[in-house]
Structures are given as structure tokens and as C-alpha cells.
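Using our numbering, count along the sequence shown one by one with no gaps and you end on 384. The beta-carbon is built from N, C-alpha and C at its ideal position, and this holds for glycine as well. Below: one structure, written as C-alpha cells.
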Amino acid sequence: MRLRLLPWLAALVVGLVAAPSAAQAPDPPASDPSGAPAPSASPSSSAPPAGSAESVKASCVEYVPQGAQRPHLESKLPSRGRSGYAVELLVTVTHGPGETVMPDGFQLRRGSDAMLALEEGNWVVPDPGGGVAPLVDRPEPAPDATSATTNVMIPFVPLPEEPGRHLMTLPPVPITVARAGGQVMTLCTPPMRITVEDPIANEVNPAVRPNPPPRPQREEWVAARQATYAFLAALALSVVLAWLWIRYRNRPKPVVEKPREHPWVVAMRELDALRTSPLLAEGKLDEFFDAVDNVTRRYLGERYGFDGLESTSEEIRADLARVYPPLKNLPQIDRFLSDSDFVKYAEVSPSQEDCDEAMTRAREIVTTTVPPTHGASTGPKPRVKRR
């Protein structure tokens, strides 16, 4: 009896041990009716593709002014690409001949809806200075053409977060079109899918590649720039200072004028010269008398501020009558002028006595009109009071 129960007890123990492991084992994958195995689950296929059309519809909003015709837009993206390598979005816009596609080039402001959609979809716009820059080709339309075509190439770099194959979606990209009137239209490319592979997906045992060769980088040398500006400023200042120094050195030297002699000194010297001249000895009494008269008239003019040689006797009397303080020898001067006019205009030849008397009166006129202290300044020079 006991020998018969042993096989049943062994089977019961084996069943109790195998039950927990059977509960933890996963169900076998279901096969489709055609018999093909079900695809294995992976992070890239189980999750919805990054940047899907549903999540990026609001990243670009088209705007066409009322009454304007929407340009025709065609976009093309390669079906396959590699992670980290730029793919080119080709856009062809057919528009009016007076319209310009992307007048300011391709620009995406940081923080805009389009830029945020690209970042969420793991897309990057490469730096234009890195060798891949957007291109806008605007061929000249024919003179009688009713439309124009512009080709635009915009590079994008896919950067999926996980390795492996990914089906990514490029969100709509805004394309601006400027009209002839100044209005700007905004067109949007449709969302486009692309299969992104790893750069080393087709290699069995990929080896580590060396770093790319270094690229020259230009750095702003602030100190050198400031030193250059300072040198140029110093050079310009030196040129200006040198020019000023040369001009100062070659300036005309001031002419030192000799102090003018007092009119009474000049008159007395001229009268002395006439007294010792040979005019009287040679019998040239008329010339002697005229010379004495001219010396006296010139002296009166220089002494009291008028032109004595160009003034008539009446004008001289009028000018001397307005001198302040009044002249004490005004009657003597009046008599001298009358005698000289009589000799000149009456055509009377003066005698030796007339010449001596004219010389004596002229010297008296000069000596009586000399300031008391002519060696020092005693105030303003007497002038004729002009009416």
C-alpha cells in the first residue's frame, strides 16, 4: 500500500514547486493569422514619434492677408537620414513676380513656437557659420512672366535621445513671403517624417573614430584693438601737433615799429633844416616861404588830429576853434594863415624879411603849442571836437 502512494506524493511535490514559476513566466507572443512573428517592443516604436503632427500643428500659423492669393508651396525631405548629420529641407514656392520669399533670410527667434517645436522633436538648426547655411535661390523671372519661383534649402540636424532606428517628424517650418505693398505672408510646410539611423548602424564592430581635425577659431583680441586705436590716435595727435609747431615756427615775425616822434619835434627839425638850406642864398624865396607854410600846416594837423595839408585855411581855423582846451595863440595862427594865403593867391613874391618873419612865426606857433611835459604822458592828446 505504501509503495503505491510514493509516485503520487512525488508528483504532488513537483506540481507545487512548478506552479509559482509558471505563474511568473510571460505569455508567448501572439502570432498573426499569416504566421509572421510579432515585432519586438522597443523604446522608439512603443512611444509615439517625437514631434508628431498632432503635437506641432500649433508651431506654425499661416497668415495670408485678405484679398491676397496664397502662393503655391512644395516641400521635400529625404526619407532617410543619420543621427547627427544635417538633412536638407527643400522648399519650392511659386508666387507673384512682385513678391519676395524670405526677404531677411531664414530666421527663427529663440523661444518662438517653431523653435520650441523643433527642440521638442529633437531637431537642431545648425550654425550658419559651421559650413551648412540656409540658401535662398531667387532666379530672375521673365519680363512677361505672371509668376516667379523661389527655391529654399534649410538644413536641420536630427538628434534622437536614444540610439537605434527612429521615425522622426519634422514640424512645420514657417516660410515668409513679402508682398510688393509691404505686407508679409507666412506659409507653413507640412509635417514630414524621416527614418533616422545611427551613423554606425551598418557596421558590425565599429571602431572608435578619431576626432575631426581642429578648425581655426577667431577670437576678438580686445587689448590689441585698444592698442591699435591708441596708436592711431597718438599718431593723428602727433601729426596735428607737428603741424601746429611748424606753423608757429614759420609764423611772420612781428614788425617792431619805431616809436613815432612827436609832431613838434619833427616840425622843429624841419624848420631848422630849412633855415640852414641854400634856398635863401640861392634866392628861392617862394620855395622857402611855401616850405615853411607846409611844415606849419602839417604840424597843426598832426598835433590836433586833422589833415593840415589838404585843408584850407578856413577849415584849419574852424578845426582849431573847436580844440579843447582853447588855444591861446589862435590869433597868431590866424595871422600866419592870412599872410601865407596872401602870398599864394595874390601872386606876391615874398621878400627876405617876409621869409624871416614867416620862419619866426612858425617856430613860435610850434613852441607855444607844445605840451608842458611832452616827455611823459599827460593825458589824452588834444583833439578837435567834431560836430
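Taking the alpha-carbon of Glu117 as reference, which of Arg79, Leu156, Leu87 has the nearest alpha-carbon? Leu156
Quick one, which of Gly161, Val122, Leu234 has its alpha-carbon nearest Ile151's? Val122
Answer with buried or exposed for Arg294, where buried requires no fewer than 16 other C-beta atoms within 10 angstroms of its C-beta. buried
Give me the residue from Trp240, Asp283, Glu267, Val320 with the minimum Cα distance to Tyr296. Glu267
Would Pro100 and Pro138 qualify as a contact pair, given that the criterion is a beta-carbon distance under 8 Å? no
By a C-beta neighbour count over all protein chains shown, 10 Å radius and 16 as the cutoff for buried, is Val292 buried or exposed? buried
Among Gly305, Val363, Asp287, whose alpha-carbon lies nearest the alpha-carbon of Glu344? Asp287
Relative to the alpha-carbon of Ser387, which residue among Trp120, Leu74, Gln63 has its alpha-carbon at the smallest distance? Examination of residue 387 is not possible in this model, given that the chain is present from -2 through 384 alone.
Under the rule that 16 or more other beta-carbon atoms within 10 Å means buried, what is Leu327, buried or exposed? exposed
Going by other Cβ atoms of all chains shown within 10 Å of its Cβ, with 16 needed for buried, is Ala278 buried or exposed? exposed
Contacts around Arg(-1), its chain only, beta-carbon distance under 8 Å, and the 5 residues preceding and following it disregarded: Residue placement at Arg(-1) is poorly supported in this model, since its pLDDT is 45, which falls under 50; the coordinates still yield a value, given next. The answer is none, since no qualifying residue turns up.
For Ser72 and Pro187, which I take to be in contact (beta-carbon distance under 8 Å), what is that distance rounded to the nearest angstrom? 7 Å
Under a Cβ-count criterion, where at least 16 other Cβ atoms within 10 Å of its own Cβ denotes burial, should Thr147 be classed as buried or exposed? buried
To the nearest angstrom, how far is it from the Cα of Leu229 to the Cα of Val219? 15 Å
Separation of Thr225 from Cys185, as counted between CA atoms: 49 Å
Note down the Cα distance separating Ile197 from Ala83, rounded to an integer number of angstroms. 16 Å
Which residues mark the beginning and the end of the alpha helix (DSSP H) in which Phe303 is found? Careful: Phe303 lies outside any alpha helix (DSSP H) and carries neither H nor E.
If the criterion is Cβ atoms closer than 8 Å, does the pair His92 and Ser144 meet it? yes
Could you tell me if Ala227 is buried or exposed, where buried requires 16 or more neighbouring beta carbons within 10 angstroms of its beta carbon? exposed
Going straight from the alpha carbon of Thr366 to that of Met265, what length do you get? 12 Å
My output table needs one value for Thr293: the three-state DSSP class, helix, strand or coil. helix
When the Cα atoms are used, what is the spatial distance from Glu59 to Asp195? 34 Å
Three or more C-beta pairs closer than 8 Å, one from the stretch 357 to 365 and one from the stretch 254 to 265: is that the case here? yes
At which residues does the alpha helix (DSSP H) containing Thr357 begin and terminate? 349 to 365
From what residue to what residue does the beta strand (DSSP E) around Val149 run? 145 to 155
Extent of the continuous beta strand (DSSP E) run through Arg206: Per DSSP, Arg206 belongs to no beta strand (DSSP E) and is neither H nor E.
According to DSSP, simplified to helix, strand and coil, what is Asp134? strand
With distances taken Cα to Cα, identify the nearest neighbour of Leu74 among Leu87, Ala65, Pro68. Leu87
Could you tell me whether any Cβ in chain D is nearer than 8 Å to the Cβ of Leu70? Going by chain labels, chain D is absent from the structure shown, which holds only one protein chain.
Using a threshold of 8 Å, state whether the C-beta atoms of Pro131 and Gly102 are closer than that. yes
Quick check: the Cα distance between Ser39 and Leu164, rounded to an integer number of angstroms? Note on Ser39: pLDDT 35, under 50, position unreliable in the model; the coordinate value appears next. Rounded to whole angstroms, Ser39 to Leu164 spans 12 Å at the Cα level.
Does the separation of the CB atoms of Leu334 and Arg314 fall below 8 Å? yes
By Cβ distance below 8 Å, which residues in the same chain neighbour Asp468 in space, the five residues on each side in sequence not counted? Examination of residue 468 is not possible in this model, given that the chain is present from -2 through 384 alone.
Let me confirm a value: Asp316 is counted as buried when at least 16 other C-beta atoms fall within 10 Å, else exposed. Which label applies? buried
Outcome for Ala177 when other beta-carbon atoms lying within 10 angstroms are tallied against a minimum of 16: exposed
For Gly385, which of helix, strand or coil comes out of DSSP? Residue 385 is absent from the model: the chain starts at -2 and stops at 384.
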